[in-house]
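Trainee:
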Amino acid sequence: MQHELPRPIDGHLKESLQTLCSIGAPSGHEDVIVRTLFDHFVGRGLSPEVDRLGQVSVTILGTDPAANRTLVSAHLDQLGLVVSNVREDGFVKFVRLGGVPERVLPGTRITIKTRSGNVPGVVGLKSHHVTPAEDKYKALPTSELYLDVGAQSVDEVAKLGITIGDPCCYEYHWTDLANGRFSTVSLDDRLGVVALLALVDRLIDQEREGILHIAFTTQEEFHVRGTLALVEKYNPDIVINVDVSPACDTPELSGVSAVSLGGGPVISRLSFHGRGTLGGLIPHPALLEAAEQAALAACTKYQYEVIIGLINDAAFVPMSTAEGIATIGISIPVRYTHSPVETGELRDVEGTIDLLERLTHVTAHLDLSRVKRPPSGG
106 MQHELPRPID GHLKESLQTL CSIGAPSGHE DVIVRTLFDH FVGRGLSPEV DRLGQVSVTI
166 LGTDPAANRT LVSAHLDQLG LVVSNVREDG FVKFVRLGGV PERVLPGTRI TIKTRSGNVP
226 GVVGLKSHHV TPAEDKYKAL PTSELYLDVG AQSVDEVAKL GITIGDPCCY EYHWTDLANG
286 RFSTVSLDDR LGVVALLALV DRLIDQEREG ILHIAFTTQE EFHVRGTLAL VEKYNPDIVI
346 NVDVSPACDT PELSGVSAVS LGGGPVISRL SFHGRGTLGG LIPHPALLEA AEQAALAACT
406 KYQYEVIIGL INDAAFVPMS TAEGIATIGI SIPVRYTHSP VETGELRDVE GTIDLLERLT
466 HVTAHLDLSR VKRPPSGG
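Per my numbering, residue 106 is the first one in the sequence shown, and the count goes up by one each step.
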């Protein structure tokens with residue numbers, strides 16, 4: 106199926122986002138969205154590169170070869186499931202691909218992406234009328250869950266084209282809400298993707314001093330290391346990673362963080378996974394100040410984030426070269442992250458694009474040294 110993005114993206118953010126979210130691209134299976142971006146950039150007169158991981162990048166040249174080289178990234182993939190076995194009675198077993206919360210799975214509509222096409226299914230759940238009271242508030246592990254595709258035997262599952270190892274994702278939908286908000290799947294990180302596509306639209310005809318690489322990574326939800334291959338390829342001085350941040354302005358998350366929907370782009374002050382993977386990011390101080398000033402110059406309100414439990418493609422970038430890379434995370438607030446009803450607001454995306462446009466111009470000659478020279482004559 107062909108997916109064509111409106112051109113320019115910047116004038117059709119909502120339509121572009123709907124197209125991007127409709128493309129099922131679980132980690133490791135991003136080829137359709139990779140092709141969509143590749144064709145889009147070719148149509149814009151650019152020369153996109155695609156590496157063996159499926160990571161797409163375009164380069165906007167600068168006039169000053171001595172200026173800082175900047176890489177801006179967002180990830181293409183989404184979390185999902187993987188078919189792990191088929192029962193004799195035709196029910197399909199699965200494992201998680203990325204951080205899918207088990208508690209949202211029962212009763213969820215799923216699309217299985219087979220080699221011969223998409224197959225619909227639902228995650229089964231125990232009928233309410235016969236659920237014991239002690240089970241009504243339990244979140245079952247994936248080992249106790251299954252997909253119902255309507256089949257009644259292993260052979261019928263095979264005839265549908267389903268094989269072990271096939272990826273699955275939440276079924277696509279789009280729901281418009283009040284106040285310019287919307288709910289859909291895979292806003293993590295299609296919001297970042299659409300923001301960078303719009304950024305390219307704005308910068309493509311602007312003269313700049315430093316080289317800028319705009320890149321779209323793969324398998325972030327699986328191993329959060331895709332940017333490392335791009336760092337090896339482009340040897341940037343600066344990396345700006347664009348992802349989503351959990352909006353904690355709903356009743357159950359009040360006080361967890363200061364991030365709210367509609368509050369504008371999020372500048373991360375600290376993120377740390379804290380669950381086995383000792384990874385996270387503290388932004389480079391010069392980049393932090395530059396991002397703040399860029400938001401002010403763009404008249405864009407912004408918000409800070411300090412969060413434990415979050416990790417993304419920026420986590421392992423700073424120490425990935427001998428010199429080190431100045432890195433910062435800029436995020437877009439999203440409610441109900443990793444669920445089938447992720448909820449966002451377009452104004453936050455627009456503010457993020459404005460901030461990034463200003464920031465990517467000032468990074469060219471940003472002083473990244475950690476020991477400043479004293480003023481002369483002092």
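Ideal Cβ placement from N, Cα and C applies to all residues, glycine included. Quick caveat: nothing in here was measured; it's all calculated off a predicted structure.
Flag this pair as touching only if the stretch 413-428 and the stretch 449-457 have three or more C-beta atom pairs under 8 Å; answer yes or no.
Mentor: They do not touch, by the three-pair rule.
Trainee: Are at least three pairs of beta-carbons, each pair with one atom in the stretch 159-179 and one in the stretch 441-450, less than 8 Å apart?
Mentor: No, they do not touch.
Trainee: If you compare alpha carbons, which of V188, V290, T175 and K119 is closest to G315?
Mentor: Mapped onto the sequence shown, residue 315 falls at position 210. Nearest of V188, V290, T175 and K119 to G315, Cα basis: T175.
Trainee: Where does A568 sit, in a helix, a strand or coil, going by DSSP?
Mentor: In the structure as shown, the chain starts at 106 and stops at 483, and residue 568 therefore has no counterpart that could be examined.
Trainee: Report yes if the CB atom of D418 is closer than 7 Å to the CB atom of N346, and no otherwise.
Mentor: Translated into the one-based positions of the sequence shown, residue 418 becomes position 313. Translated into the one-based positions of the sequence shown, residue 346 becomes position 241. A contact, by the Cβ cut-off of 7 Å.
Trainee: Among the residues of its own chain, which have a CB less than 7 Å from the CB of V155, if the five just before and after it don't count?
Mentor: For this step, residue 155 is matched to residue 50 along the sequence shown. Excluding positions up to five away in sequence, the list reads V139, F143 and V161.
Trainee: For C75, which of helix, strand or coil comes out of DSSP?
Mentor: Because residue 75 is not part of the residues shown, which for the chain are 106 to 483, the question remains open.
Trainee: Along the chain, which unbroken stretches of the beta strand (DSSP E) at least 3 residues long are found entirely within the stretch 121-174?
Mentor: Counting whole runs of 3 or more residues, the stretch 121-174 contains the beta strand (DSSP E) stretches 161-165.
Trainee: Is DSSP giving V305 helix, strand or coil here?
Mentor: Residue numbering aside, residue 305 sits at position 200 when the sequence shown is read from its first letter. Helix.
Trainee: Return the bridge partner residues of H318 from the DSSP annotation.
Mentor: By 1-based counting over the sequence shown, the position of residue 318 is 213. Beta-bridge pairing links H318 to T164 and L176.
Trainee: So F321 and S132 are supposed to be a Cβ contact under 8 Å. How far apart are they, rounded?
Mentor: Reading the sequence shown from its first residue, position 216 is the one you call residue 321. Reading the sequence shown from its first residue, position 27 is the one you call residue 132. Not quite, the Cβ-Cβ distance comes to about 13 Å (not below 8 Å), so this is no contact.
Trainee: Express the C-alpha separation of K338 and Y251 in angstroms, rounding to a whole number.
Mentor: Sequence index remark: in the sequence shown, residue 251 carries index 146 (1-based). Sequence index remark: in the sequence shown, residue 338 carries index 233 (1-based). Using only the alpha carbons, I get a separation of about 41 Å.
Trainee: Inspect the CB distances between the stretch 211-220 and the stretch 378-389 and report whether three or more fall short of 8 Å.
Mentor: The stretch 211-220, when compared against the stretch 378-389, does not touch it at the 8 Å Cβ threshold.
Trainee: For K119, which residues from the same chain have a beta carbon less than 7 Å from its beta carbon, with the 5 sequence-adjacent residues on both sides left out?
Mentor: Your numbering for residue 119 matches position 14 in the sequence shown. For K119, where only same-chain residues beyond five positions count, the Cβ hits under 7 Å are L451.
Trainee: DSSP on Y409, reduced to helix/strand/coil?
Mentor: Mapped onto the sequence shown, residue 409 falls at position 304. Strand.
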